[in-house]
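Participant: Anchor point for the sequence shown: position 166 equals 820 in the working numbering, and the numbering is continuous, going up by one each time. So that we are looking at the same thing, I have put the structure below in structure tokens.
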Amino acid sequence: MVSAAVPTRLRALVLAHPRVSVGLGLTVLVAACRPASYTTPLERDTAQMLYGGEVVLHGGVPYVDAAVNKGPLTYLLFAVIRLLSGHSELVVRLTLVAFAVVSCVALAGYLRGRAGPAAGLLGGLTMGLLAALAPFSGEDPNLQQYLVAPLLVALWLTTVAGSPAAVAAGATTAIAGLVDPAYLPFAAVIGLALWWGACPAPAAAVPRHRGGSGVRAACGSVAVDSWGAGRHARAGPRDLASDADRLTRSCRAWWPASSWA
């Protein structure tokens, strides 16, 4: 009698709190799909950025006391990760799990808004299953894996009606661009999605003020990211050893990491 009542109560609980249940389910799925990575040593790029974050935590100056060939918010992101993880590589990898769960939830929310609940659930589950595969480097806590989350959150916000959601989408995209300027063009994608009404309603039914908010949000993202990238370009070369080294770091700051594989 008791054993039969437990599934019924669990089902009732899931139906009563569907969003929480989906979030917990995706967390378990994402964490279970990458068991081998928890004991794997960190790669060079992650270690370099963690060092940059540690330097900032001890009062160092970005691009002067530690050179990281990414945007200025990279130091802040990895300073927080370094503060939370201490000397534990496992905790560093668990922060990536948290970001991956946010990515799955954001993708599920976007697809739900575009194609319905079934498509959203399928998309979230699929990403949770495939995101940790080696071809995607999903098990490695590098900068690109962390940035998937804010970009998908921005995409999700394009399906939410209202100017606040449009502004939040632009702000989220700006944050991603300040972490890595290579993602700056994504601001144009978000602006177009907002302008054309990337939501279940037809584009003609989207209020005009929402389209204007989308353009302003995208322009704001471009302006903020350009400012951050400019400060990065001016501050970076001052403490580098040689002209060749300066050129290499500047190119890597602006070009996608895949070009340097």
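All C-beta atoms in this analysis are idealised placements derived from N, C-alpha and C, irrespective of residue type, glycine included. Note that the structure is predicted; figures quoted are calculated from it, not measured.
Suppose you measure from the CA of Leu806 to the CA of Ser757; what does that come to, to the nearest Å?
Facilitator: Looking at the two C-alpha atoms, the distance is approximately 6 Å.
Participant: May I have the straight-line CA-CA distance separating Gly890 from Arg766, to the nearest angstrom?
Facilitator: With a pLDDT of only 41 at Gly890, under 50, the local geometry of the prediction cannot be trusted, and the value read off the model is given with reservation. Rounded to whole angstroms, Gly890 to Arg766 spans 42 Å at the Cα level.
Participant: Over the uninterrupted alpha helix (DSSP H) stretch that includes Thr812, give me the two end residues.
Facilitator: No alpha helix (DSSP H) holds Thr812; DSSP gives it neither H nor E.
Participant: Consult DSSP for Ala720 and reduce its assignment to one of helix, strand or coil.
Facilitator: Strand.
Participant: Tell me the DSSP secondary structure of Arg892 in three-state form.
Facilitator: For Arg892, the pLDDT reaches just 38, beneath the cut-off of 50, and the residue's location in the model is therefore unreliable, leaving the point undetermined.
Participant: Using 10 angstroms around the beta-carbon of Leu784, count the other beta-carbons present and answer buried if the total reaches 16, otherwise exposed.
Facilitator: That one is exposed.
Participant: With distances taken between CB atoms, is the gap from Gly763 to Trp810 smaller than 8 Å?
Facilitator: Result yes, Cβ atoms of Gly763 and Trp810 sit closer than 8 Å.
Participant: Below 8 Å between beta carbons: does that hold for Met703 and Thr728?
Facilitator: A contact, by the Cβ cut-off of 8 Å.
Participant: Does DSSP classify Thr694 as helix, strand or coil?
Facilitator: Correct three-state label for Thr694: coil.
Participant: Under the assumption that Tyr705 contacts Ala720 (Cβ atoms under 8 Å), give the Cβ distance between them as a whole number of angstroms.
Facilitator: The Cβ separation is near 6 Å, so the contact holds.
Participant: Can you say whether Trp849 is buried or exposed, counting buried as having 16 or more other CB atoms within 10 angstroms of its CB?
Facilitator: Classification of Trp849: buried, given that the 10 Å Cβ count is 16 or more.
Participant: Taking 8 Å as the cut-off, decide whether the C-beta atoms of Leu761 and Gly778 are in contact.
Facilitator: In contact: Leu761 and Gly778 (Cβ atoms closer than 8 Å).
Participant: Cα separation between Ala733 and Ser739?
Facilitator: Cα-Cα distance, rounded: 10 Å.
Participant: With a 10 Å radius around its C-beta and 16 neighbouring C-beta atoms as the bar for buried, classify Arg698 as buried or exposed.
Facilitator: Burial call: exposed.
Participant: Could you check what DSSP says for Leu838 in three-state terms: helix, strand or coil?
Facilitator: Leu838: coil per DSSP, three-state reduction.
Participant: Kindly list the residues whose CB is nearer than 6 Å to the CB of Thr700, restricted to its own chain and excluding five residues on each side of it in sequence; keep chain order.
Facilitator: Within the same chain, Thr700 has close Cβ partners Pro795, Asn796.
Participant: Quick check: the Cα distance between Val746 and Glu793, rounded to an integer number of angstroms?
Facilitator: About 11 Å.
Participant: Give the straight-line distance between the Cα atoms of Ala595 and Phe753, rounded to the nearest whole angstrom.
Facilitator: The first residue shown for the chain is 655 and the last is 915, placing residue 595 beyond what the model contains.
Participant: Kindly indicate which three-state DSSP category Val715 falls into: helix, strand or coil?
Facilitator: Three-state result, Val715: coil.
Participant: Please list the terminal residues of the continuous alpha helix (DSSP H) segment that includes Leu776.
Facilitator: Leu776 -> alpha helix (DSSP H) spans 771-784.
Participant: With C-beta atoms as the reference, is Pro804 less than 8 Å away from Ala830?
Facilitator: Going by C-beta atoms, Pro804 is nearer than 8 Å to Ala830.
Participant: Among Pro726, Val751, Leu730, Ala819, which one has its Cα closest to the Cα of Asp834?
Facilitator: Answer by Cα proximity: Pro726.
Participant: If you measure between the beta carbons of Val751 and Val684, is that distance less than 8 Å?
Facilitator: Yes. Within cutoff.
Participant: Between Arg736 and Leu696, how many whole angstroms is the CB-CB distance? I'm expecting something under 8 Å.
Facilitator: Actually they are not in contact, since the Cβ atoms of Arg736 and Leu696 sit about 12 Å apart, beyond 8 Å.
Participant: Can you tell me whether Cys687 is helix, strand or coil according to DSSP?
Facilitator: Cys687: coil per DSSP, three-state reduction.
Participant: To the nearest angstrom, how far is it from the Cα of Val814 to the Cα of Arg768?
Facilitator: Val814 and Arg768: Cα-Cα distance of roughly 10 Å.
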